[in-house]
Amino acid sequence: MENIKNDSRKTASPMRYLSALIGFTAAVFLDQFTKYLAVINLKDKPAFVLIDGVFELRYLENRGAAFGIMQDMQYVFVIGAVIICAAVVVLYVRIPAAPRYIPLRICAVFLCAGAVGNVIDRIRLNYVVDFFYFRLIDFPIFNVADCYVVIVCITFVLLILFYYRNEEDFSFLSRKERL
């Protein structure tokens, strides 16, 4: 426990923030590039079948949230994403520098990248470009940014259940720890 406390008080190196910024930028770029490719290759065209009856690439302009709810309420999504990203940045700064917390830092980076990737679309286009479609289970069409968010959420739950199992693992979140 003492090591965790000591590590959480270490000053984070600028490299830690630079690597997060580079990872974030690369992830947002990948999301935006795949959406660009979807517009160029899929818009106004039939679906591109990758695995017949299972998985295809199909263009969709999503003006709402998952499952089509909250149509044309872009401001709600933008404000929500800004609040979430701000909270994640505050959390990121508090995450201990110890190697044990690298998975948590990676999750923070990809969560923000997913949120920002979709916010860019909402601000620029007033909708989000979606294009992955699992026909087999008729799953709603989604994109790379959505993958980031879902994978981060699943990973975070798994980390809490199996990796960060001790109360001390999250002691960096308490105000007492910062004093």
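Per this note's numbering, numbering of the sequence shown is gapless, rising by one per residue and ending at 1435. The C-beta atom is built at its ideal place from N, Cα and C for all residues, glycine as well.
For a cut-off of 8 Å, the C-beta gap from E1312 to A1303 is around 4 Å, short enough to register as a contact. Here the C-alpha atom of L1360 lies approximately 33 Å from the C-alpha atom of R1391. Closest option to L1429, judged by alpha-carbon separation, among N1422, M1329 and L1347: L1347.
DSSP places L1316 inside the beta strand (DSSP E), whose first and last residues are F1311 to N1318. Residue environment for R1421: exposed (fewer than 16 other C-beta atoms within 10 angstroms of its C-beta). Partner residues in a beta bridge of Y1292, as assigned by DSSP, do not exist. Using a 10 angstroms sphere on the CB of F1388, the tally of other CB atoms reaches 16 or more, which defines it as buried.
Residue burial is scored here from C-beta neighbours: N1382 has fewer than 16 other C-beta atoms within 10 angstroms and is therefore classed as exposed. Per DSSP, the continuous alpha helix (DSSP H) segment holding L1381 begins and ends at I1358 to L1381. Comparing alpha-carbon positions, the option among D1386, E1423 and D1402 lying closest to K1299 turns out to be D1386. Counting the other CB atoms within 10 Å of its CB gives F1398 a total of 16 or more, which places it among the buried residues.
The residue from P1270, C1363, I1351 and G1279 with its alpha-carbon nearest to that of V1406 is C1363.
The straight-line gap separating the alpha-carbon atoms of K1301 and V1375 is approximately 25 Å.
With respect to the 9 Å criterion, I1335 and C1368 are not classified as neighbours on the basis of their beta carbons.
A Cβ-Cβ separation of about 23 Å leaves V1400 out of contact with D1328 under the 8 Å criterion.
In this structure, K1291 keeps its C-beta atom at 9 Å or more from the C-beta atom of G1370. In this structure, A1353 places its C-beta atom within 9 Å of the C-beta atom of R1272. Around the CB of D1377, 16 or more other CB atoms lie within 10 Å, so the residue is classed as buried.
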